[in-house]
Amino acid sequence: MDWEILNIENNFRSGIDIPKESEFSYHIVVSDNEVLSIAGVHPWRPLDQDEWRWLGLDAESEHFLGDVDGVPIYACQVDPDADHPEGYEFETLYSFLGQVEEPVFNLIGRAKQVIDWYRNHQYCGVCGDRTTVSGNDRSMTCDKCHQIFYPRLSPSIIVLVTRGEELLLARNSRARGNFYSTLAGFVEPGESIEAAVHREVFEEVGVTITNLKYFGSQSWPFPNSLMLGFHAEYESGEFQLQEEEIADARWFHYEDLPHHPAMVSIAGRLINDYITRLGSSDGTQQ
Ligand SMILES: [Zn+2]
């Protein structure tokens with residue numbers, strides 16, 4: 020079996036039922052925030068069943084994620100204090116961003132998040148009793164009060180606000196260097212995604228927006244976000260920055276942008292999409 024011929028993007032099927040007759044399998048090995056790579060193998064691939072067996076690391080937990088064309092893929096959690104096996108190296112999840120194709124990155128992110136979910140729900144948050152993995156879906160159930168715990172995703176919005184040929188980009192208070200990005204924030208309980216976009220923009224920079232358009236989404240497993248990207252047009256107001264979040268916000272002409280996110284992130288794609296459309300419509304938005 021050759022990893023390269025598997026079509027992860029189109030043929031990965033998530034599930035909890037392990038295919039019965041499978042000679043091959045792949046194993047994504049996760050240790051805390053790091054993922055195991057085979058030294059010298061590029062692009063990255065998971066370990067196959069023999070490599071995983073001969074590695075000799077004990078799995079603290081093992082989770083079937085799904086299959087590609089009948090080949091099972093597992094997430095294996097190993098002890099971060101175990102000796103690093105020769106010929107292998109652990110790399111941070113973040114370092115895989117842009118280094119592997121997006122469907123593969125999403126699969127690695129899935130492995131990491133499933134392991135996080137399992138580690139974080141060993142005990143019931145309601146009554147404190149032990150939980151066990153449910154047999155019928157990806158959930159854990161409290162043995163005593165039967166509370167169910169699913170993997171947690173945190174939806175967040177990310178928005179590129181524009182005004183003609185200008186893009187609103189902001190420098191986060193925690194960001195190092197001269198790096199400007201789109202505005203972003205978590206969706207609050209009881210809020211629609213659209214309301215979250217309006218609220219975040221107003222809270223962070225004090226302006227109102229209009230003509231909100233959904234652009235696309237991106238799994239962002241740091242640790243469990245789902246980014247929902249939007250374009251929006253400036254409507255009214257002067258900048259009033261939320262100081263604890265935003266160190267600086269400005270309008271930048273599209274031909275004179277500061278250091279900004281790369282295309283591996285949805286922020287980068289939003290910016291690129293807008294510039295492309297400006298270019299193709301000779302300065303006027305479609
Ligand atoms: Zn309970």
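Residues in the sequence shown are numbered consecutively from 20, following the numbering used here. Even glycine gets a Cβ: it sits at the ideal position worked out from N, Cα and C.
Cβ-heavy atom distance, residue i to ligand 1, below 7 Å
i	result
Val145	yes
Gln166	yes
Asp307	The chain is shown from 20 up to 305; residue 307 falls before or after that span and cannot be answered.
Cys161	yes
Asp102	no
Asp148	yes
Where residue i falls: helix, strand or coil (DSSP)
i	result
Phe109	strand
Gln68	helix
Ala94	strand
Ile35	coil
Ser299	helix
Leu245	strand
Ala286	helix
Leu76	coil
Gln304	With a pLDDT of only 43 at Gln304, under the threshold of 50, the placement of this residue in the model should not be trusted; the figure read from the coordinates follows. Gln304 falls in the coil class under three-state DSSP.
Asp51	coil
Asp292	helix
Glu40	coil
Thr28	In the sequence as presented, Thr is not what sits at residue 28; that position holds Glu. Note: Glu28 maps to helix in three-state DSSP.
Glu257	coil
Residue environment, residue i, which counts as buried when at least 16 other CB atoms sit within 10 Å
i	result
Arg288	buried
His140	buried
Cys161	buried
Phe241	exposed
Tyr113	exposed
Val60	exposed
Gly248	buried
Ile167	exposed
Gln305	At Gln305 the pLDDT is 40, less than 50, meaning the model places this residue with poor confidence and gives no usable figure here.
Ala281	exposed
Pro91	buried
Ser284	buried
Test: residue i CB closer than 8 Å to a CB of chain C
i	result
Gln166	The chain inventory of the structure shown lacks chain C, comprising one protein chain alone.
- Which full runs of the beta strand (DSSP E) of 3+ residues lie inside the segment 153-241, going along the chain? Look at the segment 153-241 and you find these whole runs of beta strand (DSSP E), each 3 residues long or longer: 159-161, 173-182, 185-191, 202-205, 227-239.
- Item | Continuous alpha helix (DSSP H) assignments of at least 4 residues falling wholly in the segment 102-152 | Counting only runs of 4 or more, we get 121-139.
- Taking three-plus beta-carbon pairs below 8 Å as touching, is the segment 140-148 in contact with the segment 120-130? The segment 140-148, when compared against the segment 120-130, does not touch it at the 8 Å Cβ threshold.
- Touching or not, the segment 111-124 and the segment 25-42, by the rule of three or more beta carbon pairs under 8 Å? Short answer: they touch.
- Message: To test your reading of the DSSP string, which unbroken beta strand (DSSP E) runs of 3 or more residues are found completely within the segment 259-283?
- Response: Here the runs fully enclosed are 265-272.
- Stretch-stretch touch, CB-based, cutoff 8 Å, three pairs: the segment 90-103 with the segment 75-82: Contact holds: three or more Cβ-Cβ distances are below 8 Å.
- Are the segment 155-173 and the segment 262-278 in contact at 8 Å, needing three or more beta carbon pairs? With the cut-off at 8 Å, the segment 155-173 and the segment 262-278 do not touch.
- Looking at C-beta atoms only, is the number of pairs between the segment 34-51 and the segment 63-70 that lie closer than 8 Å three or more? Yes, the segment 34-51 is in contact with the segment 63-70.
- Message: For the structure I just gave you, are there three or more beta carbon pairs, one from the segment 215-224 and one from the segment 293-300, closer than 8 Å?
- Response: Verdict: no, contact absent.
- Query: Any chance the segment 269-281 sits against the segment 227-244, with 3 or more Cβ pairs inside 8 Å?
  - Reply: No: the two stretches stay apart, fewer than three of their Cβ pairs being nearer than 8 Å.
- the segment 226-235 contacting the segment 189-200, beta-carbon criterion three pairs below 8 Å: No: fewer than three Cβ pairs fall under 8 Å.
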